[in-house]
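Colleague: In order, the protein sequence lines correspond to chains H and D. Residue numbers for the first sequence follow our numbering, so the first one is 1 and each next one is one higher. Residue numbers for the second sequence follow our numbering, so the first one is 1001 and each next one is one higher. All C-beta atoms in this analysis are idealised placements derived from N, C-alpha and C, irrespective of residue type, glycine included. If you're wondering where the values come from, they're calculated on a predicted model, not measured in any experiment.
Protein chains: 2
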Amino acid sequence: MIKIYHNPEKDSWKSLIQRPKIKTDLLKSLVQEVFGNVKKNGDVALKQYTEQFDKVKIDDFLVSKEEIENAYNCINIELRSAIVDAGNNIKEFHCHFKEKRKVIQTKPGVRCWTEARPIEKVGIYVPGGTAPLFSTVLMLAIPAYLAGCQEIILCTPPNSEGKIHPAILFAAFNSGVTKIFKVGGIQAIAAMALGTESIPCVHKIFGPGNQYVTAAKEYALTIGTAIDMPAGPSEVLIIADNYANPDFIAADLLAQAEHGVDSQVVLLSNNSTILQKTLFALKEQLENLPRKSIAQKALENSFFIEFSDWDTCFDFSNEYAPEHLILAVKKPKKYVSKIKNAGSVFLGKYSCESAGDYASGTNHTLPTAGFAKVYSGVSVESFMKKITFQKISKKGLFNLGHTIETMAEFEELYGHKNAVSIRLKN
Amino acid sequence: MIKIYHNPEKDSWKSLIQRPKIKTDLLKSLVQEVFGNVKKNGDVALKQYTEQFDKVKIDDFLVSKEEIENAYNCINIELRSAIVDAGNNIKEFHCHFKEKRKVIQTKPGVRCWTEARPIEKVGIYVPGGTAPLFSTVLMLAIPAYLAGCQEIILCTPPNSEGKIHPAILFAAFNSGVTKIFKVGGIQAIAAMALGTESIPCVHKIFGPGNQYVTAAKEYALTIGTAIDMPAGPSEVLIIADNYANPDFIAADLLAQAEHGVDSQVVLLSNNSTILQKTLFALKEQLENLPRKSIAQKALENSFFIEFSDWDTCFDFSNEYAPEHLILAVKKPKKYVSKIKNAGSVFLGKYSCESAGDYASGTNHTLPTAGFAKVYSGVSVESFMKKITFQKISKKGLFNLGHTIETMAEFEELYGHKNAVSIRLKN
C-alpha cells in the first residue's frame, strides 16, 4: 500500500520530494476563452457558463439579505456554535499580527517608518462539491476583515437549485464578507479579476479550487491580479519518535489522505517499530473511513522513511518543506529551531492537524508542493501591504546630501543629484 | 511638453491612471528557448548567450576573490565612503523589522504562534548599462543578509572586457552577497531559476531589468521560482500646496523622468500658480540635464492636474497608487492617514525622492504600475517566510475537540474528525 524506505541516499531525495503536480497547461486556452468572454459580455457570459457547468439558471448572482437571514435559521444549531467558536479562535490568533508604527531615525533629522494599509478589494473563492467548505470561509474572510479590507467578496458555485449552503452563508456573514455571489469555476475567477456589471473586480484573489480554478488564478496573476499563493495538493509530514502513539499518527495520516487522491502523507522515524505499528493502525482505520477509496489512492503516492540518524529526519523534512508538519515526539519544542521550511507545525501528541484545519486559531491556507521554502501561509498581512514613509529635515538632508550626490553622480543620474543640490544651495 | 488637466471628471481617471506597459508577450518564445537551452546545456548555454549578447567570452562565471579584493582598491574613495554610509542607513532601517515571537493562547491549553525563517537561497539581478547600479545591490543584498539567507547570489552582465564594475563588487561584498556571477539577461534569470554547474538555483529572484529580464522573471514565476514583484516603469506623483517650492518639485520630477523614456511623473495641486511655476522651472532645469532627451520623452507621457478640491488630490493619488509619492505641502503629517496606496512616501520640503533612492534607509525596490494597491516594497520580510506553530495540551484538545468534530462532520471529512475522537477517547 505505502512504500517504506530505509536510509535513502541523499541523491534520491530530489525524486522523493517530488509532488504529484496539478496540470494546468492544457486548460490555458479554455481559461483564456472564458476570460475573453467575461471581459466582453460580463454577466451574460457568467450566466451562460453557470448554465453550462452548474446546470442552473441564475438571474441575480448576488445572494440577497433574506437568503442570508434564512441561513441563520436553517443552519444546524450545533454547527452554528462550532463556527462561532472556531471563528473566535481564528480572530484571537490573527488579530495580534498588526504591526505598530516604529519610527527609525537613521541619521539625525532622517526619520523613516512603515505603515500597513489594507488591500481595498479582495475576493475569496470557495469551491462547491458535496460538502460545504465553511472552514475556508472563516480562514480567508476573518483575516480580510481584521486587515480592514473595504470590499470582501465571496464567490462560490450554486447547487442545482441555485442555492448556497446555509453554513457558507452564515460563516461568510459572520466573518465580515460584504457580498456573496453565486458563481463558480473559471468564470468566477474571471469575474473577480475583470469585474462585471454585478461583480466588482478585486485586487487579490484567495482560495482553493480544482485544476480549473487553479489555472484561472494562474492566468489572473499574469494579467495583474494578485493571488494568495501557488496551488498544489495538500500534504502532511510527520516526524515520530518511540514516544509517539501509532494510532494517533495513523489517524493524522488518514485525515490528510482523505483530502484527495493526489494528497501525500509522509512519516519519518528513527524507530522501525513505530513505522510498523503505524502501518498496522493505518490499515485498520482505513477500513472504517467513509472516503476510503480516496485515501487509499493517496496512500499509494505516499511513503514512510526510517532514518537511523535523528537529525536526518529534520534535514529531509526541510528539503521536503511540508505544508503540515507534525512532531509526534516527546520533547517537540527542542526541535523547533531545526525547522527551516514548513507551512504550519503541530507540536506533540495532542496537536492534531485537524485542530489547525478548523479551530485552534492558525490559518489552514498554507503553501504546498514545497512552496513553504518561500511562501508563508495566509495571515492578516496577506490582506495588507506596507508603505514606507520618510520625513527629512533641513539638517537631515545636510547630513545625507553628500552621500546621495556622490552615489547619483557615479550612477550618472544627474537629475537625482540635482534634487539634492538645489535644496542644499537654497 | 506636459499635459495639464483641470478638474478631470471621475470617468476619465481610469484612462489617466493607465501606465505605459512593458510588453513581454512577444519575448515569451525567446525566453522559453533560452530556459530550455540552459536547462539542457547549463554553463555551455550561458557561455554561448554571453558571447552572443554581451560580446565577450567568459571562462569562469564566478567572480574571484582577487577581483573582489582589487575592487576595494580600484573604487573611488569618495564613492566607497558613500556606499558604506548609505549601507549603514539601510541596515539601520531594515534591521528593525524582525518580529518577535508572540505566543497567543486562543483557548486554555491551545497555544499558537508564528516564527519567521529566512528563504535559504535567493538571487539578485543587477542590470548592466553605462553606469554601475550599485544602489540596487545595497537595496537587495542588505535585507537578504539581515534576513539570514544562507546563499545570496548576484548575477550581473560583464562588460566587453569580461569585467564587473568595482562599485558593484564592493557594494556586493560589503552587503553580504555570497557569490557574484558574470552573467546577464534572460540567461542569468534562467540560471538562477534552474541552476547550472556553476550557478546554484535559488528559491526567489529579485531585481530590476529591461523587458527581456522582466519577461524571464515572469516565466520563472510560472515554473515555480518566486519573484520580488511584477515590474513596470518607474514613476512619481507629487501633491503640492502653495507652500511648495516649484524649483524643488521640478527637480524631483526630472529626477524621476531621467530614469527612462517610459517613466511617468504626475503633479497634483489645488493651486494653479504652483503648476505654472513648476512648469517654468521644469523647462529651465531640463536644459542642463545630461539625460535631457530621455527626460523629455518621459515628460510627454506625463501630466499635471489642478483639482479645485484638496481631498480629490488624495482620491486621485490613491487611484493612481504611485510608486513614489511626495507630499510637498506645509503640514504633510496631517495627510498621512489619507494615503491608502503608495510604494514609498516622502513628506515635506526636504524629503526628496533621491534620498530614498540611495541613502535615507528605506528600500527603493517598490511596486510600480498601480501594484502599490496590493504589493509592498522590498523589506527584510521579502527574504523570509513565516511558519505557524501550535502546541495543544490534553486539556486544550478537550476544550477544542467538540468544535472540530462538529465542523469536520459537516464538511464530511470523517478522517479529520477521527483524529480528534481517537485522542479524546484515549
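Please go through the same chain and pick out, in chain order, the residues whose beta-carbon is closer than 7 Å to the beta-carbon of glutamate 405/H, but skip the five residues on each side of it.
Modeller: For the purposes of this step, residue 405/H is taken as residue 405 along the first sequence, with counting starting at 1. Taken in chain order, the residues that qualify are Lys417, Val420, Ser421.
Colleague: Taking alanine 116/H as part of the beta strand (DSSP E), name the residues at either end of that continuous run.
Modeller: Locating residue 116/H in the first sequence gives position 116, counting from the first residue. Residues 110 to 118.
Colleague: Quick one: grab the DSSP three-state call for valine 261/H.
Modeller: If you number the first sequence from 1, residue 261/H lands on position 261. Valine 261/H falls in the coil class under three-state DSSP.
Colleague: Under a Cβ-count criterion, where at least 16 other Cβ atoms within 10 Å of its own Cβ denotes burial, should lysine 182/H be classed as buried or exposed?
Modeller: Here residue 182/H is taken as the residue at index 182 of the first sequence, counted from 1. Lysine 182/H is buried by the Cβ-count criterion.
Colleague: Using a Cβ-Cβ cutoff of less than 8 Å, which residues in the same chain neighbour histidine 94/H once the five nearest sequence positions on both sides are dropped?
Modeller: Position 94 of the first sequence, counted from the first residue, corresponds to residue 94/H. Correct list, in chain order: Ile142, Pro143, Leu146, Gly361, Asn363, Ser379, Val380.
Colleague: Classify serine 1351/D: buried if its beta carbon has 16 or more other beta carbons within 10 angstroms, exposed otherwise.
Modeller: Indexing the second sequence from 1 puts residue 1351/D at position 351. It is buried - the Cβ of serine 1351/D has at least 16 other Cβ atoms within 10 Å.
Colleague: Would you list, in chain order, the members of the segment 219 to 246 of chain H that have their beta-carbon closer than 9 Å to a beta-carbon of chain D?
Modeller: For the segment 219 to 246 of chain H, which is checked against every Cβ of chain D, the residues closer than 9 Å are Leu221, Thr222, Gly224, Thr225, Ala226, Pro230, Asn245.
Colleague: Give the residues from the segment 406 to 419 of chain H that approach chain D closer than 9 Å (Cβ to any Cβ), ordered along the chain.
Modeller: Answer set for the segment 406 to 419 of chain H: Thr406, Met407, Ala408, Glu409, Phe410, Glu411, Glu412, Leu413, Tyr414, Gly415, His416, Lys417, Asn418, Ala419.
Colleague: Counting Cβ pairs, one atom from each stretch, are 3 or more of them under 8 Å apart for the segment 244 to 261 of chain H and the segment 158 to 177 of chain H?
Modeller: Taking 8 Å as the limit for Cβ pairs, the verdict is that the segment 158 to 177 of chain H does not touch the segment 244 to 261 of chain H.
Colleague: Can you tell me which of Ala1342/D, Leu1079/D, Lys1010/D puts its alpha carbon nearest to the alpha carbon of phenylalanine 410/H?
Modeller: Against the first sequence, residue 410/H aligns to sequence position 410. For the residues Ala1342/D, Leu1079/D, Lys1010/D, the minimum Cα distance to phenylalanine 410/H belongs to Leu1079/D.
Colleague: Residues of chain D with CB closer than 8 Å to the CB of histidine 96/H, please, in chain order.
Modeller: Residue 96/H sits at position 96 when you count from the first residue of the first sequence. Neighbours of histidine 96/H on chain D, chain order: Lys1102, Ile1104.
Colleague: So if I threshold CB-CB distances at 7 Å, which residues from the segment 139 to 160 of chain H count as touching chain D?
Modeller: Against chain D - using a Cβ distance shorter than 7 Å - the segment 139 to 160 of chain H contributes no residues.
Colleague: Let me know if isoleucine 223/H comes out buried or exposed under the rule of 16 or more other beta-carbons within 10 Å of its beta-carbon.
Modeller: Residue mapping note: residue 223/H aligns to position 223 of the first sequence, counting from 1. That one is exposed.
Colleague: Who are the Cβ neighbours of alanine 1372/D in its own chain at under 8 Å, not counting the five residues just before and after it?
Modeller: Position 372 of the second sequence holds residue 1372/D. For alanine 1372/D, where only same-chain residues beyond five positions count, the Cβ hits under 8 Å are Ala1321, Pro1322, Glu1323, Asn1341, Ala1342, Gly1343, Leu1366.
Colleague: Within 10 angstroms of the Cβ of asparagine 89/H, are there 16 or more other Cβ atoms? Answer buried if so, exposed if not.
Modeller: As a working note, residue 89/H is residue 89 in the first sequence. Buried, by the Cβ-count rule.
Colleague: Using 8 Å as the limit for Cβ to Cβ distance, is threonine 178/H near chain D?
Modeller: Along the first sequence, read from residue 1 onward, the residue named residue 178/H stands at position 178. No, no contact with chain D.
Colleague: Can you tell me whether histidine 1416/D is helix, strand or coil according to DSSP?
Modeller: By one-based count along the second sequence, residue 1416/D stands at place 416. Helix at histidine 1416/D.
Colleague: Identify, in the order they occur along the chain, each residue of the same chain with its Cβ nearer than 7 Å to the Cβ of isoleucine 294/H, setting aside the five sequence neighbours on each side.
Modeller: In the first sequence, counting from the first residue as 1, residue 294/H sits at position 294. Within the same chain, isoleucine 294/H has close Cβ partners Glu258, Gly260, Val261.
Colleague: For glutamine 1150/D, does the three-state DSSP call read helix, strand or coil?
Modeller: Position 150 of the second sequence, counted from the first residue, corresponds to residue 1150/D. It is coil, neither helix nor strand.
Colleague: Kindly indicate which three-state DSSP category glycine 1401/D falls into: helix, strand or coil?
Modeller: Along the second sequence, one-based indexing puts residue 1401/D at 401. Reduced to three states, the DSSP call for glycine 1401/D is helix.
Colleague: Just to confirm, are phenylalanine 35/H and tyrosine 219/H a CB contact at a threshold of 8 Å?
Modeller: The residue given as residue 35/H occupies position 35 in the first sequence. The residue given as residue 219/H occupies position 219 in the first sequence. Yes; because the gap between Cβ atoms is below 8 Å, this pair is in contact.
Colleague: According to a CB-to-CB cut-off of less than 8 Å, which residues of the segment 385 to 400 of chain H neighbour chain D?
Modeller: Listed in sequence order: Lys385, Lys386, Ile387, Thr388, Phe389, Gln390, Lys391, Ile392, Ser393, Lys394, Gly396, Leu397, Leu400.
Colleague: Considering only residues of the same chain and omitting the five flanking positions on each side of leucine 1046/D, which have a CB-CB separation below 7 Å?
Modeller: Sequence index remark: in the second sequence, residue 1046/D carries index 46 (1-based). Cβ within range, chain order: Val1038, Phe1061, Val1183, Gln1187, Ala1191, Thr1196.
Colleague: Going along chain H in order, which residues have a C-beta closer than 9 Å to the C-beta of glutamate 1258/D?
Modeller: One-based indexing of the second sequence puts residue 1258/D at position 258. Ordered by position in chain H, the residues that pass the 9 Å Cβ test against glutamate 1258/D are Leu413, Tyr414, Gly415, His416.
Colleague: Between leucine 1027/D and alanine 1215/D, what straight-line distance do the alpha-carbon atoms span, to the nearest angstrom?
Modeller: Stepping through the second sequence from its first residue, residue 1027/D is reached at position 27. Stepping through the second sequence from its first residue, residue 1215/D is reached at position 215. Cα-Cα distance, rounded: 7 Å.
Colleague: Would you mind sorting glutamine 1018/D into buried or exposed? The rule is 16 or more other CB atoms within 10 Å of its CB.
Modeller: Translated into positions along the second sequence, residue 1018/D becomes position 18. It counts as exposed.
Colleague: Can you confirm whether asparagine 89/H, when its beta carbon is compared against all beta carbons of chain D, has any partner nearer than 8 Å?
Modeller: Residue 89/H sits at position 89 when you count from the first residue of the first sequence. At least one chain D Cβ lies under 8 Å of asparagine 89/H.
Colleague: Run through the DSSP bridge pairs and tell me what threonine 1156/D is partnered with.
Modeller: One-based indexing of the second sequence puts residue 1156/D at position 156. Threonine 1156/D pairs with Lys1182/D.
Colleague: Does glycine 129/H pass the burial test, meaning 16 or more other C-beta atoms within 10 Å, or should it be called exposed?
Modeller: Here residue 129/H is taken as the residue at index 129 of the first sequence, counted from 1. Counting Cβ neighbours within 10 Å, glycine 129/H comes out exposed, since fewer than 16 surround it.
Colleague: Reducing DSSP to helix, strand and coil, say where glutamine 48/H ends up.
Modeller: Position 48 of the first sequence, counted from the start, is the residue given in the question as residue 48/H. In the structure shown, glutamine 48/H sits in a helix (DSSP, three-state: H, G or I).
Colleague: Look at glycine 242/H and isoleucine 274/H and say whether their C-beta atoms are less than 8 Å apart.
Modeller: Position 242 of the first sequence, counting from 1, holds the residue named residue 242/H. Position 274 of the first sequence, counting from 1, holds the residue named residue 274/H. Before going further, note that residue 242/H is asparagine rather than glycine in the sequence given. Yes.
Colleague: Within its chain, find whatever has a CB closer than 7 Å to the CB of arginine 1117/D; leave out the 5 residues flanking it on each side and keep chain order.
Modeller: The residue labelled residue 1117/D in the question sits at position 117 within the second sequence. Closer than 7 Å at Cβ, skipping near neighbours: Met1384, Lys1385, Ile1387.
Colleague: With a Cβ-Cβ cutoff of 8 Å, do glutamine 1264/D and proline 1020/D count as a contact?
Modeller: Sequence index remark: in the second sequence, residue 1264/D carries index 264 (1-based). Sequence index remark: in the second sequence, residue 1020/D carries index 20 (1-based). A contact, by the Cβ cut-off of 8 Å.
Colleague: Which stretch, first to last residue, makes up the beta strand (DSSP E) that contains histidine 989/D?
Modeller: Residue 989/D lies beyond the stretch modelled for chain D, which goes from 1001 to 1426, so this question has no answer here.
Colleague: Lysine 204/H to phenylalanine 1316/D, Cα distance in whole Å?
Modeller: Residue numbering aside, residue 204/H sits at position 204 when the first sequence is read from its first letter. Residue numbering aside, residue 1316/D sits at position 316 when the second sequence is read from its first letter. Lysine 204/H and phenylalanine 1316/D: Cα-Cα distance of roughly 21 Å.
Colleague: Relative to the C-alpha of leucine 1347/D, which candidate in Glu66/H, Thr106/H, Lys391/H, Ile119/H has its C-alpha closest?
Modeller: The residue you call residue 1347/D lines up with position 347 of the second sequence. Here the closest residue by C-alpha is Lys391/H.
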